[in-house]
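S.K.: Structure below; questions to follow.
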Amino acid sequence: MGHNKFAPSWLSEPKDLNQVDAGVWPSGLARTPAGDVSIAGIPVAELATKFGTPLMVIDQDDFFARAKKVKSAFENSCSRIGTSSKTYYAGKSLLTTEIVKWIDQLGLNLDVSTGGELALALAGGISPDRIGLHGNNKSLYEIGRAVTANVGAIVIDSEIEIERIASVAGAQDKIQPVRIRVNAGVHAHTHEYLATAREDQKFGIAISDVPVLVEKIRSHSHLKFLGLHSHIGSQIFALEGFIESIRRLLPLHKLLLAGGAVPELNVGGGFGINYTSSDDAPEITEFADRIADEVATICGELEIAVPILCFEPGRVISGPAGITLYNVGTIKDVQLKEDGVTGVRKYVSIDGGMSDNARPSLYSADYSPILASRVSGAKPALSRVVGKHCESGDVVVRNCYLPEDINPNDLLAVAATGAYCHSLASNYNYVTRPAIVAVKNGNIQLVLRAETEADMFARDPGYLEDKTR
C-alpha cells in the first residue's frame, strides 16, 4: 500500500480502521460484539446520550493503574540506591475535587501553580503538607494563602520571592519549607514552547546565582531550605536531558551542603506519552531506573549522601486515561494538488474543537481518532478533524485516516485527551465547556457537569440586566 503524498511521513494507512491500538487508548476501551466502542463496559453512545457531546471520559481504573505504576517505579528505583522518593501529580494537567480525592487515595503529592489550583486542592481534602506551590509570579495573596494552609513546599522562582515568602511566614510565625527552581540550561527534546529549562525563558534561576540566594533563604528563620528543583520540559521521550541536568545540579547540591542541610533534590519530569501509533514513549520504569542510577553514580563520585528524590511525572497519569467523544456534523472533500499530483482530504467537522482541546493549535500536537459508534468496512480516507469555531486553526486532529463512509451524527472518539485539554479549555466563540465523567466497572460518575450558557453569562452585568426586563 503506497504512502499518500498528502499525509505526513509518520502516518501510515491502517489495514483495519476498526482496530483499537492499546498503546494509545485506555485499557478499559474496546469494541463490543455489536461494533461500537465501550469503555469500562459502558457503550460510548450511552454516555453521549446521557451527558451530550463533546464529553471527556476518564477510565478510572486506567488512571489508578498508571498512577500506581509511576509511584512504584520511583519508589523501587530510589529504594535500590538507598533513598526515598516523592511523586507529585501535575494539577495543571487535570484537576477537579474528585481528582484530588483520587490523588489523596493513591498516596501521591500534588503540584499546584496558582491560588485557584491551591483552593481546589484544599477543597478536595488532600493534606496541605503534600502540596507543592509553583509559579513564576506568585502574588502576595497566593503566598499568604499557601503559608496559611501549611503547604509542604513553595518553589522559589526569583529572588524577590525570598523576601515575600519570609515576610508572610514571619507574620504568621511559621517556618515555611521552600525549594529553589534552577534553570540548568538543559534543552529537552520537545516542542519549543514546552522546553522550560533554557536560559532565555521565564522560569528558574541561573546556576551561578543559586548559592547567594540560598544564603539569603538560610538567613531567614522562618524559611526552611529543602533543596533544588529542576524541570526541563514536557512530553519528553529522551533520557539525555535528565542525565545532563543531574550532572549539573549535583555539584551545586554538594556546594550547598557546606552551608547546611539539603535533604531533597527535585529532578522534575514531564515524561512523554503516546498520542499516535507512531509514538514510542519509553516505559516509566526506564526513566526511573536511569535517573536513580545516575544520581547514585554522581553522588558516589562527589562523596555525598543520596538525597530524597522528588519527581513530577506530568501527563503520564491523566493523559492516556482520558478520551473525548464528539458528534460528527458537516463533512466535505477538499481537492488537493501539489507538484502535479492530485488527491482528496476529507474535512470532518465536530461539535467541539479548540475550546476543549487547544493543544493542536498551541503546539501542533497530534491526536488519534476512531469511529466509535459503529464499525465500517469502507476504505480509509485521509482526513482532518476540525472544530466548529470561526478560526482556520481550529483543528483537533490534523492528520488521520477515517472511514470513507463517515456520516453526520457518527460518534468520534479522540485518544489521550486526559491531560491539558480540560485545563486549557475556553469559551471561545461563547461555546460551553464539556462535562467530565469517570467510568469504572460499568458505573458512571459525574466529575464535572457540562457548562451552560447561564454559567458563561453570569459575569456579564448587561446580560443579567436584560434578563430581568
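The letter at position 430 of the sequence shown is residue 430 when you use the UniProt record's numbering, and the numbering goes up by one with no holes. For every residue, glycine included, the Cβ atom is placed at its ideal position computed from N, Cα and C.
1) Does DSSP put D111 in a helix, a strand or coil?
2) Name the DSSP bridge partner or partners of N327?
3) Measuring CB to CB, does S368 end up less than 8 Å from T276?
4) Return the bridge partner residues of V37 from the DSSP annotation.
5) Given this structure, state the Cα-to-Cα distance separating G319 from V447, to the nearest angstrom.
6) Helix, strand or coil for H191, going by three-state DSSP, please let me know.
7) Do you know offhand how far E338's Cα is from V344's?
8) How big is the Cα-Cα spacing for T148 and K174?
9) Based on Cα-Cα distance, which residue from H229, S230 and A365 lies nearest to N274?
10) Can C421 and D356 be called in contact, C-beta distance under 8 Å?
11) Could you tell me which residues DSSP puts in a beta bridge with R181?
12) Could you check the C-alpha separation between P263 and G227 for me, to the nearest Å?
13) Reducing DSSP to helix, strand and coil, say where G241 ends up.
14) Output the distance between the C-alpha atoms of K440 and E98, rounded to the nearest integer angstrom.
15) Using DSSP with H/G/I as helix, E/B as strand and the rest coil, what is R43?
16) Quick one: residues in its chain with C-beta nearer than 8 Å to the C-beta of G329, no 5 flanking neighbours on either side, listed in chain order?
17) Do you know offhand how far R384's Cα is from A7's?
18) Assuming V414 contacts T324 (C-beta within less than 8 Å), just tell me the rounded distance between them.
19) Only counting the same chain, and skipping five residues up and downstream in sequence, which positions put a Cβ closer than 8 Å to that of Y193?
20) Put F311 into one of helix, strand or coil per three-state DSSP.
21) Quick one: which unbroken alpha helix (DSSP H) runs of 4-plus residues sit fully inside the segment 336–368? Chain order, please.
22) Helix, strand or coil, according to DSSP, for C421 in the structure here?
23) By Cβ distance, which residues of its chain are closer than 6 Å to N427, with the 5 residues on each side in sequence left out?
24) Out of curiosity, what's the CA-to-CA distance linking V182 and S230?
25) Residues in the same chain with beta-carbon distance under 6 Å from N18, minus the five sequence neighbours each way, listed in chain order, please.
26) Leaving aside the five residues before and after A458 along the sequence, list all residues of the same chain whose C-beta is less than 6 Å from its C-beta, in chain order.
27) Taking the alpha helix (DSSP H) that residue 471 falls in, what are its first and last residues?
28) DSSP three-state call for V20: helix, strand or coil?
29) Going by C-alpha to C-alpha distance, which of I217, L122 and G185 sits closest to A169?
30) Does DSSP put G270 in a helix, in a strand, or in coil?
31) In the structure shown, what three-state DSSP assignment does T97 receive?
32) Looking at C-alpha atoms only, which residue of N136, W25, Y326 and V395 is the closest neighbour of D59?
33) How should Y141 be labelled, buried or exposed, when 16 other C-beta atoms within 10 angstroms of its C-beta is the threshold for buried?
34) Determine the extent of the alpha helix (DSSP H) in which V210 is found, giving its start and end residues.
35) Just to confirm the assignment, what range does the beta strand (DSSP E) spanning A90 have?
36) Counting Cβ pairs closer than 8 Å, one from the segment 74–87 and one from the segment 47–62, do we hit at least three?
M.R.: Put simply:
1) For this step, residue 111 is matched to residue 111 along the sequence shown. Strand at D111.
2) Counting from 1 along the sequence shown, the entry for residue 327 is found at position 327. Answer is L411.
3) In the sequence shown, the residue the question calls residue 368 occupies position 368. In the sequence shown, the residue the question calls residue 276 occupies position 276. Yes, Cβ-Cβ distance for S368 and T276 is below 8 Å.
4) The sequence position of residue 37 within the sequence shown is 37, counting from 1. Beta-bridge partners of V37 (DSSP): R31.
5) By 1-based counting over the sequence shown, the position of residue 319 is 319. By 1-based counting over the sequence shown, the position of residue 447 is 447. The straight-line gap separating the alpha-carbon atoms of G319 and V447 is approximately 16 Å.
6) For the purposes of this step, residue 191 is identified with residue 191 of the sequence shown, where counting begins at 1. Per-residue confidence for H191 stands at a pLDDT of 49, beneath the threshold of 50, marking its modelled position as unreliable; the derived number appears in the next sentence. It is coil, neither helix nor strand.
7) The sequence position of residue 338 within the sequence shown is 338, counting from 1. The sequence position of residue 344 within the sequence shown is 344, counting from 1. One C-alpha to the other measures close to 11 Å.
8) Reading the sequence shown from its first residue, position 148 is the one you call residue 148. Reading the sequence shown from its first residue, position 174 is the one you call residue 174. Taking the straight line from one Cα to the other gives about 9 Å.
9) Here the question's residue 274 lines up with position 274 in the sequence shown. Considering only H229, S230 and A365, the residue with the shortest C-alpha distance to N274 is A365.
10) Residue numbering aside, residue 421 sits at position 421 when the sequence shown is read from its first letter. Residue numbering aside, residue 356 sits at position 356 when the sequence shown is read from its first letter. Contact: yes.
11) Counting from one through the sequence shown, the residue named residue 181 turns up at place 181. According to DSSP, which records beta bridges pairwise, R181 is partnered with H229.
12) Counting from one through the sequence shown, the residue named residue 263 turns up at place 263. Counting from one through the sequence shown, the residue named residue 227 turns up at place 227. Cα to Cα, P263 sits roughly 6 Å from G227.
13) The residue labelled residue 241 in the question sits at position 241 within the sequence shown. Secondary structure at G241: helix, using DSSP grouped into helix, strand and coil.
14) Numbered from its first residue, the sequence shown carries residue 440 at position 440. Numbered from its first residue, the sequence shown carries residue 98 at position 98. The alpha-carbon atoms of K440 and E98 are separated by roughly 14 Å.
15) On the sequence shown, residue 43 is found 43 positions in, with the first residue counted as 1. The identity of residue 43 in the sequence shown is Pro, whereas the question assumes Arg. Looking at P43 - three-state DSSP - the assignment turns out to be strand.
16) On the sequence shown, position 329 is the one that residue 329 refers to. S349, I350, D351, K388 and P408.
17) Position 384 of the sequence shown holds residue 384. Position 7 of the sequence shown holds residue 7. The C-alpha of A7 is placed about 10 Å away from the C-alpha of R384.
18) Here residue 414 corresponds to residue number 414 of the sequence shown, with the count starting at 1. Here residue 324 corresponds to residue number 324 of the sequence shown, with the count starting at 1. Indeed they touch by this definition, with Cβ atoms about 5 Å apart.
19) One-based indexing of the sequence shown puts residue 193 at position 193. Low confidence applies here, because Y193 scores a pLDDT of 45, under 50, leaving its location unreliable; read the following figure in that light. The answer, listed in chain order, is L362 and Y363.
20) Here residue 311 corresponds to residue number 311 of the sequence shown, with the count starting at 1. Strand.
21) Within the segment 336–368, the complete alpha helix (DSSP H) runs of at least 4 residues fall at 359–363.
22) Residue numbering aside, residue 421 sits at position 421 when the sequence shown is read from its first letter. Coil.
23) Residue 427 sits at position 427 when you count from the first residue of the sequence shown. Closer than 6 Å at the Cβ level, and outside the excluded window around N427, lie M456.
24) Taking the first residue of the sequence shown as position 1, residue 182 is located at position 182. Taking the first residue of the sequence shown as position 1, residue 230 is located at position 230. Computed Cα separation, rounded: 5 Å.
25) For the purposes of this step, residue 18 is taken as residue 18 along the sequence shown, with counting starting at 1. The beta carbon of N18 sits closer than 6 Å to the beta carbons of V375 from its chain, once the five residues preceding and following it are set aside; these are given in chain order.
26) Translated into the one-based positions of the sequence shown, residue 458 becomes position 458. In its chain, beyond the 5 residues on either side, no residue has a beta carbon closer than 6 Å to the beta carbon of A458.
27) This structure cannot speak to residue 471, because the chain is shown only from 1 to 469.
28) For the purposes of this step, residue 20 is taken as the residue at position 20 of the sequence shown. Coil at V20, not helix or strand.
29) Within the sequence shown, the letter at position 169 stands for residue 169. Nearest C-alpha to A169: I217.
30) To locate residue 270, count along the sequence shown from 1; it is residue 270. Coil at G270, not helix or strand.
31) For the purposes of this step, residue 97 is taken as residue 97 along the sequence shown, with counting starting at 1. Secondary structure at T97: helix, using DSSP grouped into helix, strand and coil.
32) Position 59 of the sequence shown holds residue 59. Closest by alpha carbon: W25.
33) Start at 1 with the first residue of the sequence shown, and residue 141 comes out as number 141. Under this definition Y141 is an exposed residue.
34) Here residue 210 corresponds to residue number 210 of the sequence shown, with the count starting at 1. V210 -> alpha helix (DSSP H) spans V210 to R218.
35) Position 90 of the sequence shown, counted from the start, is the residue given in the question as residue 90. Note, A90: beta strand (DSSP E), S85 to A90.
36) At 8 Å Cβ cutoff, the stretches do not touch.
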